[in-house]
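For the record, the sequence lines run as chains A and B. Quick note on our numbering: the first sequence kicks off at 292 and runs consecutively. Quick note on our numbering: the second sequence kicks off at 302 and runs consecutively. C-beta atoms are modelled at their ideal positions from N, C-alpha and C, and glycine is treated no differently. All values derive from a computational prediction rather than experimental measurement.
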Amino acid sequence: MATFIKDIGFPRFLMSLLLIVILVTAIVVGIPIGMVLTDLVQRVGMYGVIVLAMVPSIQSGTGPNFAVTIGIVLGLLAATTAIEFNLVGMWAFLFAIAMALPLSIIVGLLYGKLLNACKGAEMTISTYTGFSIVQLMCIAWIVIPFNSQIMRWPIGKGLKTTFTLESTIYKVLDNFLYFKIGEVEIPTGLLLFFFAACLLVYAFTQSKMGTAIQLGGMNNKFAVASGVDIDRGRLVANVISTYLGAVGIIVYSQSFGFIQLYTAPLMMAFPAVAAVLIGGATASRAKVSHVIIGVILFQGVLTSSMPVLNEIIPFGSVAEISRMVIQNGIILYALTKVDGGQ
Amino acid sequence: MDKEYLLEMKGITKSYYGNTVLKNVDLSIKPGEIHCLMGENGAGKSTLMNILFGMNVIHSTGGFEGEIFFDGEKRDVRSSFDAMNLGIGMVHQEFMLIPDYSITENIKLNRELTKDNFVSRLFGPRLKTVEYAKMGRDARKALDKVDMNIDEWIRVAGLPVGYMQFIEIAREIDKTGIKFLVFDEPTAVLTESEASNLLRIMRKLADSGIAILFITHRLDEVIEISDNITVLRDGELVAKKKTSETTSREIAELMVGRKIELSGKEKKDIDRTKDPILELKDFKVKMPGEEVKGINLKLYEGEILGIGGLAGLGKLGISNGIMGLYPTSGDIILRGEKITNPLTKEMLEKRIAFVSEDRKEVGLVIDASIELNTVFTAMNINGEYLKDYKFFTLRDKKRIKERAEQMIKDLDIRCTNSKQMVGNLSGGNQQKVCIARALTQNPEIILVSEPTRGIDIGAKKIVLDLLKKLNKDYNMTIIMTSSELNELRGISDRIAIVTEGKIAGILQPEDSDANFGLLMAGKSIEEDRGDRDGNIH
């Protein structure tokens, strides 16, 4: 048993146990399990791509990408542009992810250069870069000259803090080949998209460049002695990570049904970091499998604990508070236990 | 016991985990004597000093056998505090000074003179007032003893290294009742005039009755200053001599000795009339701790060139410089092509492979599999072991596995399978993986640095035999850098000895021990045998 726990890593073991306990409790207290599972599957698809953004940055040695918020605001910018151009449905979605690419390349390169300039302090730098960019964009959302009635405040200047995507890209992925197994709804398109993204990232890690980036992240000096341009690898990795963040938020928004601007992206990096760490990654090693396991465990515990807690403690906003406690607790725990599960 | 000796160490034997590093070593020193302790790297000098100072590394590994007498009594030194209380001090090779403190504060560090005040009477001695004036006077006295007329209140930061060395000495002699001082290679970092100044001070201290144990590699200094000499080799006492009755040549011979017979290397005919495959011209490398200060060297196709010399004097810098891992100046001429400021990638592409002396940091990725470690350089440089899918390429798992398994078989790498993490292998097997990586790159020239460092004797033999085989069967040109002179002599066609960042001379493997010893100790060989290429400096 002890070696089994060591093999899969204690955080992963603990979270799996917690998820099972919660699901069993849900059945015991009479919560419709179909609803819980529907929620779980959807959340995995929603958050998956953002979590995937952690893989290239960790592999390149720059640590978990706390500045994935850069990618997120770029994705939001691309999505709002698509709406401004009056695009709807799949076209709007495709336009947004296409537009996010050049934006991510430019901004990702700048961000990568910043990281290369301050090696050794990447985690702190990326956290605060992420915070700063969100605040900077708060100004941008006000001054941006968009006129779409969906997004603008009815009076005054700037875009609304939250607006619905009902008429544009709401569930364009989720509803693709959508079907039901009993009570459980399967958002096929969303899951396919997530797995396709996983496959692409995995393929990249198996490529010549991906291998060089990975070994460079594990042992800088070794890679240099094998003629690897470490700095270039880190730039590429962070461009990819930024782009995945951008695509991730577009996928998230279409499933969620709303776009949230201003300070909403501020804390979005943390659940993503926590998920990949719980999946078995460390601050210096990450694989695509860690993302899949991590996002299932993290989102699973988060989504299923809510209705269960509501049932057990049925007053006021206890469930909401508990959700915050659980989420931040998991993040904190994951950050302190960054080993195991290779 | 004999009262005339201040320090006597008798029958000292010490082993680390079954590996004996000192065997029945004696050392005795009289008051007022300057005694030199000589030996190559790894001869056991530091271990002997660690025992004398009761360092933790000794006691945590099972202690030692033998007895220490100091001042006529048997002593049990359990810590450096015990040593200090006995009156034994050490002047370190690296300076242990606090840059932002003044000279006085450094000299009196942790031994500050204090007097009681109101607060300290209430709350204890930690809050006593420091008596700066008195400390300054003491420091002045100590500095005068070492002939330094520098202001005792100047901050240490920014002083020349020579001064720092003397401050270290002043600190030791300021300690009350100091009777015995150990100087651990004090002249290594000093300029010539500073060094001669230091030797003068040592003589002065010895004349005042302090016994001095002097550890150095510089034979000139030894002959100049010491009264007696003890030579260690491979943990054994090989000689005790009066300096007046010996010569530097004899000492050099004793230090080097001959440990293994030079078998297995048949003389190879190297055609040295052709242009060299690799030539270095006024080549300098800024590698910290192993700086190369301008060398000229020719490497001919198909030969094994050994590079020897003591640690820290630049021999490792040469290969690292050729690979472009540290900033260089001067020219590399590779197959007739001139290269200045080599780039690592470019050198690898020109089919030079490098096995680093730093196995864990540079040579391997500890957390990656044998497979990946073996093929990575070849993949990155030659684009091999990849499958091409037109728009992108992926690692060719099948061929990678085949290659790794072939290497495991050829080099006898002991592992569970080719996917095992190299971090779980023993040192010798890790070294074989390093060599496997270099070979997979399909090189023409291979630079191997310290290939046998930290590996057991069986693995050593396999590694050396492998290098010989590569040279013989594939006519591979090899530069092997090693601290183990006897290994170099067993495998090389020629051996360049590096001291002070320059080539002291190039010898044949069968040259006399004395010649090797003299070159390593920074002396020129009297009768100029030279090498046949005129590369002597």
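Bridge partners - residue i, DSSP secondary structure assignment
{"i": "A:S351", "result": "In the DSSP output, where bridge partners are listed per residue, A:S351 has none listed."}
{"i": "B:G607", "result": "B:M781, B:I796"}
{"i": "B:F481", "result": "B:I389, B:A512"}
{"i": "B:I530", "result": "B:C337, B:K542"}
{"i": "B:F365", "result": "DSSP lists no partner for B:F365."}
{"i": "B:L748", "result": "B:F655, B:I780"}
{"i": "A:I550", "result": "A:F454"}
Endpoints, alpha helix (DSSP H) assigned at residue i
{"i": "B:I404", "result": "404-408"}
{"i": "B:E554", "result": "549-557"}
{"i": "A:G480", "result": "479-496"}
{"i": "B:K442", "result": "433-446"}
{"i": "B:Q466", "result": "462-475"}
{"i": "B:C337", "result": "That residue, B:C337, is in no alpha helix (DSSP H); its beta strand (DSSP E) goes 335-339."}
{"i": "A:Q590", "result": "579-603"}
{"i": "B:D711", "result": "698-711"}
{"i": "B:N450", "result": "Element bounds for B:N450: n/a, residue is neither H nor E."}
{"i": "B:S347", "result": "346-353"}
Residue environment, residue i, which counts as buried when at least 16 other CB atoms sit within 10 Å
{"i": "A:L308", "result": "exposed"}
{"i": "A:I430", "result": "exposed"}
{"i": "B:S329", "result": "buried"}
{"i": "B:G625", "result": "buried"}
{"i": "A:I622", "result": "buried"}
{"i": "A:V398", "result": "buried"}
{"i": "A:W634", "result": "Outside the shown range of chain A, which is 292 to 633, sits residue 634 of chain A, and nothing can be said about it."}
{"i": "B:A434", "result": "exposed"}
{"i": "B:D401", "result": "exposed"}
{"i": "A:P562", "result": "buried"}
{"i": "A:A487", "result": "exposed"}
{"i": "A:G620", "result": "exposed"}
{"i": "B:I561", "result": "Residue placement at B:I561 is flagged as unreliable, the pLDDT there being 45, under the threshold of 50; a coordinate-derived value is accordingly withheld."}
{"i": "A:M615", "result": "exposed"}
{"i": "B:A496", "result": "buried"}
{"i": "B:N730", "result": "buried"}
{"i": "A:I311", "result": "exposed"}
{"i": "B:T574", "result": "exposed"}
{"i": "A:T455", "result": "exposed"}
Beta-carbon gap between residue i and residue j smaller than 8 Å
{"i": "A:I584", "j": "A:R334", "result": "no"}
{"i": "B:E453", "j": "B:T405", "result": "yes"}
{"i": "A:G362", "j": "A:T533", "result": "yes"}
{"i": "B:I671", "j": "B:A705", "result": "yes"}
{"i": "B:P589", "j": "B:I653", "result": "no"}
{"i": "A:P355", "j": "A:V567", "result": "yes"}
{"i": "B:K324", "j": "B:G536", "result": "yes"}
{"i": "B:A471", "j": "B:I408", "result": "yes"}
{"i": "B:S381", "j": "B:F354", "result": "yes"}
{"i": "A:L406", "j": "A:N529", "result": "yes"}
{"i": "A:F484", "j": "A:L506", "result": "no"}
{"i": "A:V538", "j": "A:I388", "result": "yes"}
{"i": "B:E592", "j": "B:G802", "result": "yes"}
Enclosing beta strand (DSSP E) for residue i [first to last residue]
{"i": "B:I804", "result": "803-808"}
{"i": "A:M390", "result": "Taken as a continuous stretch (DSSP letters only), A:M390 belongs to no beta strand (DSSP E), being part of the alpha helix (DSSP H) at 380-408."}
{"i": "B:I866", "result": "For chain B, the structure presents residues 302 to 838; residue 866 of chain B sits outside this window and is missing."}
{"i": "B:Y317", "result": "308-317"}
{"i": "B:G631", "result": "629-635"}
{"i": "B:A654", "result": "653-656"}
{"i": "B:K599", "result": "593-600"}
{"i": "B:T641", "result": "638-641"}
Taking Cβ-Cβ distances below 7 Å as the criterion, which residues of the stretch 487-507 of chain A are in contact with chain B?
A494, Q497, S498, K499, T502, A503, L506
Under 8 Å (Cβ pairs) to chain A, residues found in the stretch 657-681 of chain B
S657, D659, E662, V663, G664, L665, V666, I667, D668, A669, L673, F677, T678, M680, N681
Pull out every residue of the stretch 515-539 of chain A whose Cβ sits closer than 7 Å to any Cβ of chain B, in chain order.
V515, A516, S517, G518, V519
Near-chain D residues of the stretch 395-425 of chain A - C-beta to any C-beta below 9 Å:
Looking for chain D here will not work: the only protein chains present are A and B.
At a Cβ cut of 7 Å, what residues of the stretch 297-313 of chain A count as close to chain B, listed as they run along the chain?
Shown here is that no member of the stretch 297-313 of chain A has a Cβ falling below 7 Å from a Cβ of chain B.
Residues in the stretch 688-707 of chain B with C-beta within 7 Å of chain A's C-beta atoms, listed in sequence order?
F693, T694, L695, R696
Anything in the stretch 736-755 of chain B with a Cβ closer than 7 Å to a Cβ of chain A? List those residues in chain order, please.
none
If contact means a Cβ-Cβ distance below 7 Å, which residues of the stretch 639-650 of chain B contact chain A?
For the stretch 639-650 of chain B, the set of positions with a beta-carbon nearer than 7 Å to some beta-carbon of chain A reads T645, K646, L649 in chain order.
Closer than 8 Å between beta carbons: that is the criterion. Which residues of the stretch 614-633 of chain B meet it against chain A?
M624, L626
Note down, in chain order, all residues in the stretch 709-730 of chain B with a beta-carbon under 7 Å from any beta-carbon belonging to chain A.
none
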